[in-house]
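Numbering follows the working numbering, with no gaps: position 262 of the sequence shown is 243.
C-beta atoms are modelled at their ideal positions from N, C-alpha and C, and glycine is treated no differently.
Reading through the structure tokens given below for one structure.
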Amino acid sequence: MALTKEQIKEFKEAEAEAQDSDDFREVAKNIAEAGDKEWAKKTYEKAEEKTDDPYELYYLAQCICENLGDKEWAKKTYEKVEEKAKDWSQFESLANDICEKLGDKDWGKKLYKKAESKAEGFHEINQVAASICEKLGDKEWAIKLYQKAEKKAEDSSDLCSLADSIHAKLGDKEWAKKIYEKSEKKAKDFSDFRELAGSIYEYLDDKERSIKLYQKAEGKAEGFDDFMRLADSVHENLGDKDWAKKVYKKAEKKAKDSYDYESLAESLRDQLGDKKWAKLADQKAKELEDDE
């Protein structure tokens, strides 16, 4: 696809102004999307010459693969990233790309092993387990990591996210259920109960238990944001407009500024379809905005 004179002028100017790898990578991307892959390739080469940073090289490899379709060049760039990678997240992200973009699961497996050796905390181990299950389909390896993550979990939120992942990636409803029970025992504040209620409704389809947890969350709610999140969740997950309406009223009593009233108005329109009440909230927001 031939570029227009205006495009050529625009890209030449952008390339002349480019200073670092990110700049050249962005110009190359725009040139490739406009249809001139040969010119884009030369600009990507300039981007590569400008950096030895693993993060910049990682994004460069992605662009080379996606915008040029040059897997061989992308592979060489990913190899540079591996040489410079140090922490678990770099190895995990790299492994994901190698599996997804290059289709090289053997190389991906080696990188996941490196990620595993670097992962220490709950969130790190949980993430590596999820990626291994998703990209490699290796449930046996993922189970071992999830077991390790369970021992590292410190609070209700950790356990809830672990159960979510186990259900979503492994499809193990019974194991997830046991961990949700542990999560509930550790739940302390509004966020814990609300998160758990949503997960149990979504993954276990246990509406009755979810309702009880939302009730506990309501008892822990304090400020405007708490009541808004609760009302939105109650309506979206349970479809209970009457309960949601009562919670929105509690939120309204906690509203302090124009932003709060604007948020309330938006939810009243989108969630409840109550245009009259939303209009009143908008008017209050306007009044407060004029006073600010």
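Notebook entry, point to check: How many angstroms separate the CA atom of L92 from the CA atom of D139?
Noted result: To locate residue 92, count along the sequence shown from 1; it is residue 111. To locate residue 139, count along the sequence shown from 1; it is residue 158. L92 and D139: Cα-Cα distance of roughly 25 Å.
Margin query: Rounding to the nearest angstrom, what Cα-Cα distance links G16 and T24 in this structure?
Written below: As a working note, residue 16 is residue 35 in the sequence shown. As a working note, residue 24 is residue 43 in the sequence shown. So the alpha carbons of these two residues sit roughly 14 Å apart.
Check: Any idea if E81 is buried or exposed, counting beta-carbon neighbours within 10 angstroms, 16 or more meaning buried?
Finding: Here residue 81 corresponds to residue number 100 of the sequence shown, with the count starting at 1. Flag for E81 reads exposed.
Next item on the list: Report the rounded CA-to-CA distance for D238 versus D255, giving the unit in angstroms.
Entry: Position 257 of the sequence shown holds residue 238. Position 274 of the sequence shown holds residue 255. Using only the alpha carbons, I get a separation of about 21 Å.
Check: How would you write the range of the alpha helix (DSSP H) that V62 sits in, first residue to last?
Finding: What you label residue 62 is simply residue 81 of the sequence shown in a count that begins at 1. Start and end: K52 to K65.
Check: Quick one: Cα of F103 to Cα of A13, how far?
Finding: Here residue 103 is taken as the residue at index 122 of the sequence shown, counted from 1. Here residue 13 is taken as the residue at index 32 of the sequence shown, counted from 1. Rounded to whole angstroms, F103 to A13 spans 41 Å at the Cα level.
Notebook entry, point to check: Expressed to the nearest angstrom, what Euclidean distance is found between the alpha-carbon atoms of A9 and W20?
Noted result: One-based indexing of the sequence shown puts residue 9 at position 28. One-based indexing of the sequence shown puts residue 20 at position 39. Approximately 8 Å, taken between the alpha carbons.
Note to self: Rounding to the nearest angstrom, what Cα-Cα distance links K52 and A130 in this structure?
What the structure shows: In the sequence shown, the residue the question calls residue 52 occupies position 71. In the sequence shown, the residue the question calls residue 130 occupies position 149. Roughly 34 Å separates the two Cα atoms.
Check: How about W69 and A100: are their beta carbons less than 8 Å apart?
Finding: Here residue 69 refers to the residue found at position 88 when the sequence shown is read from its first residue. Here residue 100 refers to the residue found at position 119 when the sequence shown is read from its first residue. Closer than 8 Å, so yes.
Notebook entry, point to check: Whole alpha helix (DSSP H) runs in the region 103 to 190 with 4 or more residues, listed along the chain?
Noted result: 103 to 112, 120 to 133, 137 to 146, 154 to 167 and 171 to 180
Check: What is the DSSP secondary structure of D231, counted as helix, strand or coil?
Finding: For this step, residue 231 is matched to residue 250 along the sequence shown. The amino acid occupying residue 231 in the given sequence is Lys; Asp does not appear at that position. The answer is helix: DSSP assigns K231 an H, G or I state.
Check: What is the DSSP secondary structure of T(-15), counted as helix, strand or coil?
Finding: For the purposes of this step, residue -15 is taken as residue 4 along the sequence shown, with counting starting at 1. Coil, per DSSP.
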